Amino acid sequence: MAGGSTSRPICSVKRPKLAHDRPGQDLLGLLRSSPQDETLCVPGTLSYAQKYKSASAPAVSVYKSALGEVSEAELDAALSQQFLGVAPPLFTDLTPKKKSSAIAEDDAKSVVTSEAPDTMSELDDLNRSSTGGDEGEDAETSVEKQKRKLEMAHSILAWLDKDEVFFREMLRRKGQGDAFYLESCPECGSPGRPEYSYSECEAADLCQACIVKWHRYQPLHPIFRHSAGRPERLDPADLGLCIQLGHRPGEVCKWRESAHVNNFTILHTTGLCRIRVDFCNCDDGKDTPRYVQLLRRGLWPSTVENPQSATSFQALDDFTRLSNMGRLTAYDYHRAASSKTDGAGLRELPDFRQQFMTCIHEYRHVTLFMRAGRGHEAGGIQGTPSGMCAVRCPAFPDKLLNLEKGWSSRPLQWLNRATYSLDANFRL
Numbered sequence: 013m014a015g016g017s018t019s020r021p022i023c024s025v026k027r028p029k030l031a032h033d034r035p036g037q038d039l040l041g042l043l044r045s046s047p048q049d050e051t052l053c054v055p056g057t058l059s060y061a062q063k064y065k066s067a068s069a070p071a072v073s074v075y076k077s078a079l080g081e082v083s084e085a086e087l088d089a090a091l092s093q094q095f096l097g098v099a100p101p102l103f104t105d106l107t108p109k110k111k112s113s114a115i116a117e118d119d120a121k122s123v124v125t126s127e128a129p130d131t132m133s134e135l136d137d138l139n140r141s142s143t144g145g146d147e148g149e150d151a152e153t154s155v156e157k158q159k160r161k162l163e164m165a166h167s168i169l170a171w172l173d174k175d176e177v178f179f180r181e182m183l184r185r186k187g188q189g190d191a192f193y194l195e196s197c198p199e200c201g202s203p204g205r206p207e208y209s210y211s212e213c214e215a216a217d218l219c220q221a222c223i224v225k226w227h228r229y230q231p232l233h234p235i236f237r238h239s240a241g242r243p244e245r246l247d248p249a250d251l252g253l254c255i256q257l258g259h260r261p262g263e264v265c266k267w268r269e270s271a272h273v274n275n276f277t278i279l280h281t282t283g284l285c286r287i288r289v290d291f292c293n294c295d296d297g298k299d300t301p302r303y304v305q306l307l308r309r310g311l312w313p314s315t316v317e318n319p320q321s322a323t324s325f326q327a328l329d330d331f332t333r334l335s336n337m338g339r340l341t342a343y344d345y346h347r348a349a350s351s352k353t354d355g356a357g358l359r360e361l362p363d364f365r366q367q368f369m370t371c372i373h374e375y376r377h378v379t380l381f382m383r384a385g386r387g388h389e390a391g392g393i394q395g396t397p398s399g400m401c402a403v404r405c406p407a408f409p410d411k412l413l414n415l416e417k418g419w420s421s422r423p424l425q426w427l428n429r430a431t432y433s434l435d436a437n438f439r440l
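Below you can see the structure in the form of structure tokens.
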């Protein structure tokens, strides 16, 4: 068609590849395909007068367009009822015993090849009987029952009518929602529309003073400022948030100005952030190394000498599980964390990948000995004998663990023999 035309032939739309290629198995039977040319056809606008008469009859003759061309709106209306790519068969739960005699008789006449399944003949009978009279009403009722049954079996079908609601609510969540119409902070009552929000805690939008007060003990939560009609993620350092080490929550070290790092980089499950970290330099913690102060706060330092960055314990545990179960690499996890911080790539984020991989190696080394139970053994890691961290096979025959008394004097003693294997290349 011409570039400015708003209509196109209904049978010129290429059909997406589905999990099956047989006709009559589209979702709810609203879209039908030709086994030869794979084009879209909408029942109700097509003539079903021609049937399969013999095995030599071409399958494409079943579908004839009665309208020739349809508008873009009509085609989109038909396509909007489908979830292409997930198309279960329409009558897969019906057995031959449940079919009516009329449908069974028609199936015996019309099905001549494997290209015309039972679902095709059943749907043709329903469309033919819907021309009028009581039989048409019964057919419509049967189709409605099948639709309801499919919606109960596949919840995605009932959701299709509500996708617009989900779409609008997602947009609403990206904005301020009802907080857009507030004229004062709901926490302190200060005048002006509150512009600061945070996604980790489900609460109302607040002013800058209240958002800092609420996050004194959760400084790594992502905070957004809504200005110019869009949310902008802020670093905790931009709001004046800081982490005080070596003291109880709420206390401030009196010598913190002599031992602080303004732009301390932390990789958390919510992304990368920069924040001020105040190390304890008073009598209570001046003898405690800085990397130990970070560990006691749940932060794994990238280095033991004057650390400037760290990874949270939550991020280390999160990556370890994803790596073990999903084969996720540290490179991809770091990219995902950077994307959480700035998905558009407009901000200059620190390259924390090498430091993160170092933290991962150290974390796995320490947790290996923890799982082996070496934490309460004399000598700790240094006193661990060779092979003590290996996981013992529960099925391996051991007379002290899983062999019954008198096993050596019973017949078929060879069943309890131990089998060892060794990889010739990598000694695994």
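The numbering used here puts the sequence shown at residues 13 to 440.
We put the CB at the ideal spot given by N, CA and C, even for glycine.
Please read all numbers here as calculations on a predicted model, not as lab measurements.
Given residue i as reference, the closest of the options once Cα atoms are compared
i	options	result
Y432	P409, L424, G283 and L415	P409
G189	K174, D175, D217 and S196	D217
G355	G385, P243, M382 and H272	P243
L279	K174, W267, A271 and F331	F331
F364	F276, K411 and Q305	F276
C401	K411, E389, L253 and A407	E389
L194	V264, A384 and P203	P203
D295	T153, A151, W312 and K266	K266
S239	G262, R429, L334 and R205	R205
P198	R185, A221 and E181	A221
S335	R309, R359, I372 and L412	I372
K186	D299, E149, R333 and R237	R237
P261	V155, E269 and K225	K225
Nearest-angstrom Cα separation, counted from residue j out to residue i
i	j	result
S421	L427	12 Å
I393	V378	9 Å
V289	P248	11 Å
P231	C405	44 Å
E317	Y303	8 Å
E374	S314	9 Å
N414	R228	54 Å
Y345	H272	29 Å
N274	V177	44 Å
Q320	G357	23 Å
M337	L307	26 Å
T153	R160	11 Å
D33	A165	Low confidence applies to D33: its pLDDT is 43, below 50, so where it sits in the model is not reliable enough to give any reading.
W419	W312	50 Å
R429	E416	14 Å
P301	L412	45 Å
D173	M182	16 Å
S398	D299	35 Å
E163	L169	5 Å
G391	R376	19 Å
A191	A151	51 Å
Status (buried if at least 16 other CB within 10 Å, exposed otherwise) for residue i
i	result
C200	exposed
G297	buried
I287	buried
S167	exposed
D207	The displayed chain sequence assigns Glu, not Asp, to residue 207. When all chains shown are included, E207 counts as buried.
V403	exposed
G210	The sequence given here places Tyr at residue 210; Gly does not occur at that position. It counts as buried.
Q305	buried
T323	buried
Q366	exposed
P423	exposed
W171	exposed
S350	buried
L480	This structure cannot speak to residue 480, because the chain is shown only from 13 to 440.
Q158	buried
L11	Not covered by the structure: residue 11. The range shown for the chain is 13 to 440.
R268	buried
Nearest-angstrom Cβ-Cβ length linking residue i and residue j, presumed shorter than 8 Å
i	j	result
C219	H259	Contact doesn't hold; Cβ gap of about 27 Å is too wide.
L361	L284	6 Å
T353	R245	7 Å
A348	T281	That pair is no contact at about 10 Å.
F368	A342	6 Å
L251	I235	7 Å
T396	R383	Not confirmed; about 12 Å, so no contact.
R309	I255	7 Å
DSSP bridge partner residues for residue i (one or two, in chain order)
i	result
D290	Q256 and H272
E244	R237
H280	G283
S209	F236
A322	I278 and P313
P203	S196
L218	Y208
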